[in-house]
C-alpha cells in the first residue's frame, strides 16, 4: 500500500477499518485466551469515552496536562494500596514488559552505583515472563534461569546456588503465565534480602485479582510489599484491571531506590529533558481510562468480577479433568491455568478445532 493521493471520506475509512477487524478472532465468543480482558459493555463504553476525552493529551508534559498528573498520581496511589503499601511509589508504563524492563534497569543502575557491579546478572524462574530476557538483552544484564519444582513454582535452593557477587536482581511471579502458580515469594524475598539483592515480583496478572481473592476469603500466599525484602512490583491495569491497552505500573517500596529508574539530560540544546520510563511521549488516553475504570468499579466491582472469574476457572478445571487424556498441570493459585494431553496428539486436535 502507498499513501493515497487524495483524501477519503471518514465513512469510507471507518468502513474499511471495521471490515478488517471483522476478520479477527471472535474474542467476545470466547475464542481466544488472555489477549483480551473483557468485563462487560458498561466498562467498555466507559474506557472508550475516557480514552477519547484525553486522546490528544501527552503524559510527557504533566505540567501542561495537569489532568494527567492528577489521574496518574491517583491511579498509582490506588495501586499502591492494592500491592500492600500506601507508601509505595511508582510510574505508569505502556504494559508489563516495560514495567519489567524498568525494574531491571533500576536494579542494574542501583548495583552499579552502590556496589560497583559491572557485569550484572539477574536470576529468574524458567516460568517467568520473557520480558526479563528482553530486558537482559536490551540492558546488558545476564539472565540466569532457574528451574521450577514439581509443583511448578520457583526452586528456592536453585536460586540460592545461582547467586553471585554480580547478582543485581532476583525475581518471582504472582502468578506465572505458564502455570498460574505463585512462586514462593516469602522465601525468595528473604533470600534476596540476606544477600543484599533487590527482589522483584511480577504481578502483572495477579495485582488486580489476588487482593480481591483475599476479600473473598481465599487462601492467598504472601506476594506483595507486606513481605519484607520485596523491592518492586509490576502490575497491569490493562489485564485484570480491565482498562484499555497501554496501562501498567512499576511500583517501588521507596523513592530512594526508584531514582535509579529515571533519565535526564540537562545539556541538550532543546532544553532540559527528562522522562521517568522508557517512553518519551505517553498516550494520555491510557492514563485517563485507567483512572476511570478504577473509580467506576471500586473494591465492590473488582471483588464481584474476581468471584465470577474464579468460578469460571473452577468450571474450566472441572471440565478439563473430565476429558479423557487431559490433565491440569499442578494446582493453579489464581485464574490462570495450563493443561496437557497424555493421550491424543494435542496439536492434531488443535488443528481440527474451529477457532
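Numbering (my numbering), first residue to last: 11 to 365. Note that beta-carbon positions come from the ideal geometry of N, C-alpha and C, so glycine has one too. Predicted model only: the values in this text are computed from it and were never measured.
Please report the residue range of the beta strand (DSSP E) in which residue 131 lies.
The residue labelled residue 131 in the question sits at position 121 within the chain shown. It spans 131 to 135 - the beta strand (DSSP E) in which residue 131 sits, taken as one unbroken run.
Using beta-carbon positions only, say whether residue 176 and residue 131 come within less than 8 Å of one another.
Numbered from 1 along the chain shown, position 166 holds the residue referred to as residue 176. Numbered from 1 along the chain shown, position 121 holds the residue referred to as residue 131. In contact: residue 176 and residue 131 (Cβ atoms closer than 8 Å).
How many Å lie between residue 248 and residue 275 at the Cα?
As a working mapping, residue 248 is identified with position 238 in the chain shown. As a working mapping, residue 275 is identified with position 265 in the chain shown. Distance between the alpha carbons of residue 248 and residue 275: 31 Å.
Buried or exposed for residue 250, going by 16 or more other Cβ atoms inside 10 Å?
Taking the first residue of the chain shown as 1, we reach residue 250 at position 240. The residue is buried, with at least 16 neighbouring Cβ atoms inside 10 Å.
Beta carbon of residue 258, beta carbon of residue 116: below 8 Å?
Here residue 258 refers to the residue found at position 248 when the chain shown is read from its first residue. Here residue 116 refers to the residue found at position 106 when the chain shown is read from its first residue. Not in contact: residue 258 and residue 116 (Cβ atoms no closer than 8 Å).
Measure from the alpha carbon of residue 163 to the alpha carbon of each residue in 198, 268 and 142, then state which is nearest.
For this step, residue 163 is matched to residue 153 along the chain shown. The residue with the shortest Cα to Cα distance from residue 163 is 198.
Tell me whether residue 66 is buried or exposed, calling it buried when 16 or more other Cβ atoms sit within 10 Å of its Cβ.
Taking the first residue of the chain shown as position 1, residue 66 is located at position 56. Exposed, because fewer than 16 other Cβ atoms sit within 10 Å of the Cβ of residue 66.
Could you tell me if residue 341 is buried or exposed, where buried requires 16 or more neighbouring beta carbons within 10 angstroms of its beta carbon?
Mapped onto the chain shown, residue 341 falls at position 331. Classification of residue 341: exposed, given that the 10 Å Cβ count is below 16.
With 16 as the cutoff for other CB atoms within 10 Å, does residue 15 come out buried or exposed?
Along the chain shown, read from residue 1 onward, the residue named residue 15 stands at position 5. With fewer than 16 other Cβ atoms within 10 Å, it is exposed.
Which residues share a DSSP beta bridge with residue 139?
For the purposes of this step, residue 139 is taken as residue 129 along the chain shown, with counting starting at 1. Bridge partners of residue 139: none, in fact.
CA-CA distance, residue 215 and residue 53?
Translated into the one-based positions of the chain shown, residue 215 becomes position 205. Translated into the one-based positions of the chain shown, residue 53 becomes position 43. Approximately 19 Å between the Cα atoms of the pair.
If we count the other Cβ atoms within 10 Å of its Cβ and call it buried at 16 or more, is residue 298 buried or exposed?
If you number the chain shown from 1, residue 298 lands on position 288. By the 10 Å Cβ count, residue 298 comes out buried.
Figure out for me which residue from 148, 169 and 89 has the closest Cα to the Cα of residue 112.
Locating residue 112 in the chain shown gives position 102, where the first residue counts as 1. Minimum Cα distance to residue 112 is reached at 148.
Is it the case that the Cβ atoms of residue 135 and residue 156 are separated by a distance below 8 Å?
Position 125 of the chain shown, counting from 1, holds the residue named residue 135. Position 146 of the chain shown, counting from 1, holds the residue named residue 156. Cβ atoms of residue 135 and residue 156: closer than 8 Å.
Counting C-beta neighbours from all protein chains within 10 Å, is the total for residue 273 16 or more, i.e. buried, or is it exposed?
Your numbering for residue 273 matches position 263 in the chain shown. It is exposed - the Cβ of residue 273 has fewer than 16 other Cβ atoms within 10 Å.
Pull the bridge partners of residue 100 from the DSSP assignment, please.
Here residue 100 corresponds to residue number 90 of the chain shown, with the count starting at 1. The partner list for residue 100 (beta bridge, DSSP) reads 261.
Short of 7 Å in beta carbon distance, which residues of its chain neighbour residue 317, apart from the five on each side in sequence? Order them along the chain.
The residue you call residue 317 lines up with position 307 of the chain shown. Cβ neighbours of residue 317 beyond the five flanking positions: 226.
Does the separation of the CB atoms of residue 70 and residue 291 fall below 8 Å?
As a working note, residue 70 is residue 60 in the chain shown. As a working note, residue 291 is residue 281 in the chain shown. Yes, these two residues count as a Cβ contact at 8 Å.
For residue 49, count neighbouring Cβ atoms within 10 angstroms of its own Cβ and tell me buried if that reaches 16, exposed if not.
For this step, residue 49 is matched to residue 39 along the chain shown. So residue 49 ends up on the buried side.
Based on Cα-Cα distance, which residue from 278, 232 and 188 lies nearest to residue 217?
Start at 1 with the first residue of the chain shown, and residue 217 comes out as number 207. The candidate whose alpha carbon is nearest that of residue 217 is 232.
Residue 246: which of 208, 11, 229 and 185 sits nearest, CA to CA?
Here the question's residue 246 lines up with position 236 in the chain shown. Among 208, 11, 229 and 185, the Cα nearest to that of residue 246 belongs to 185.
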